[in-house]
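Some notes on the structure that comes next.
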Amino acid sequence: MSAPTITYGCSLVWDRVLRTHVMGILLGIYDDRRNAIEAISSLQKDGVDNISAYTPAPDHTIEGMLNTRISPVRLFVLIGGILGCIAGFAFPIYTVYAWPLITGGKPLISIPAFVVIAFELMILFGAIAGMVSFFGLSGLPQTRLALRDTRFTNDHFGIEVQCADAKQSTIRAAMETAGAIEVQTHA
301 MSAPTITYGC
311 SLVWDRVLRT
321 HVMGILLGIY
331 DDRRNAIEAI
341 SSLQKDGVDN
351 ISAYTPAPDH
361 TIEGMLNTRI
371 SPVRLFVLIG
381 GILGCIAGFA
391 FPIYTVYAWP
401 LITGGKPLIS
411 IPAFVVIAFE
421 LMILFGAIAG
431 MVSFFGLSGL
441 PQTRLALRDT
451 RFTNDHFGIE
461 VQCADAKQST
471 IRAAMETAGA
481 IEVQTHA
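Next up, the structure:
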């Protein structure tokens, strides 16, 4: 039985830990961009969906081919901002009702005075929610080191595929057919 998968682009910490124990990792190294693009398209035609790419410079073609989705961090920032705004109004209103200070017959709840507090707490809660969700969804701190090869920062391309041990031979063959100069197996 395979490990549970997450339906969005980022991985949770437990999913990453489970996936590394159940599945193996193949890393194909390419010296030509066209070969790397061909490898990604052939792997996707074979039904492989857990593909990562390492490139020496940003490559919009490869980025567009990978099944990356919009990060859900922005939703957590929105929720944090809304909760901060609610808290920014709730705290002063509660304080005014708990310890009323009547001055000159003015109303106890003065919304314009509370807007500044609500704005500041909205920014604070949104920033904290964004930071916590970023670290949580990206799996930081990482439990395993990413596959590093110094050639990826110079002139080579890397295609990483996490797959079950039974599929490794077919994926390795597809990578070599696409022109991989080296295919590494990692546990």
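Start counting the sequence shown at 301; every next residue gets the next number (this note's numbering). Glycine included, C-beta positions come from ideal geometry on N, C-alpha and C.
Contacts around residue i, its chain only, beta-carbon distance under 7 Å, and the 5 residues preceding and following it disregarded
{"i": "Ile-481", "result": "Ile-329, Tyr-330, Asp-331"}
{"i": "Phe-434", "result": "Val-373"}
{"i": "Thr-361", "result": "Ile-337"}
{"i": "Glu-476", "result": "Val-483"}
Anticipated Cβ contact below 8 Å, residue i with residue j, distance rounded
{"i": "Leu-421", "j": "Gly-384", "result": "4 Å"}
{"i": "Gly-324", "j": "Gln-468", "result": "6 Å"}
{"i": "Val-483", "j": "Gly-430", "result": "Going by Cβ atoms, the distance from Val-483 to Gly-430 rounds to 38 Å, so no, they are not a contact pair."}
{"i": "Val-461", "j": "Leu-326", "result": "5 Å"}
{"i": "Gly-380", "j": "Ile-428", "result": "6 Å"}
{"i": "Ala-474", "j": "Leu-375", "result": "Incorrect: roughly 36 Å between the Cβ atoms, too far for contact."}
{"i": "Asp-359", "j": "Arg-333", "result": "7 Å"}
Extent of the continuous alpha helix (DSSP H) to which residue i belongs
{"i": "Gln-484", "result": "Taken as a continuous stretch (DSSP letters only), Gln-484 belongs to no alpha helix (DSSP H), being part of the beta strand (DSSP E) at 482-486."}
{"i": "Val-415", "result": "411-437"}
{"i": "Arg-448", "result": "Neither: Arg-448 is in no alpha helix (DSSP H) and is coded neither H nor E."}
{"i": "Arg-369", "result": "Looking at the DSSP string, Arg-369 is not in any alpha helix (DSSP H), and its letter there is neither H nor E."}
{"i": "Gln-468", "result": "468-477"}
Residue i, buried or exposed, once every other Cβ within 10 Å from all chains shown has been counted against 16
{"i": "Ala-353", "result": "buried"}
{"i": "His-486", "result": "exposed"}
{"i": "Gly-347", "result": "exposed"}
{"i": "Gly-458", "result": "buried"}
{"i": "Gly-405", "result": "exposed"}
{"i": "Ile-351", "result": "buried"}
Residue(s) in a DSSP beta bridge with residue i
{"i": "Ala-353", "result": "Ile-459"}
{"i": "Gly-324", "result": "Cys-463"}
{"i": "Ile-329", "result": "Gly-458, Glu-482"}
Contacting residues, own chain, Cβ-Cβ under 8 Å from residue i (five flanking each side not counted)
{"i": "Phe-419", "result": "Cys-385, Gly-388"}
{"i": "Pro-412", "result": "none"}
{"i": "Asp-455", "result": "Asp-331, Pro-356"}
{"i": "Ile-393", "result": "Ile-409, Phe-414"}
{"i": "Ile-402", "result": "Leu-408"}
{"i": "Thr-453", "result": "Pro-356"}
{"i": "Gly-426", "result": "Val-377, Leu-378, Gly-380, Gly-381, Gly-384"}
Residue i: first and last residue of the uninterrupted beta strand (DSSP E) it sits in
{"i": "Leu-401", "result": "Careful: Leu-401 lies outside any beta strand (DSSP E) and carries neither H nor E."}
Own chain partners of residue i with C-beta closer than 6 Å, once the 5 adjacent residues on each side are dropped
{"i": "Glu-338", "result": "Ala-478"}
{"i": "Ile-471", "result": "Leu-326, Val-461, Cys-463"}
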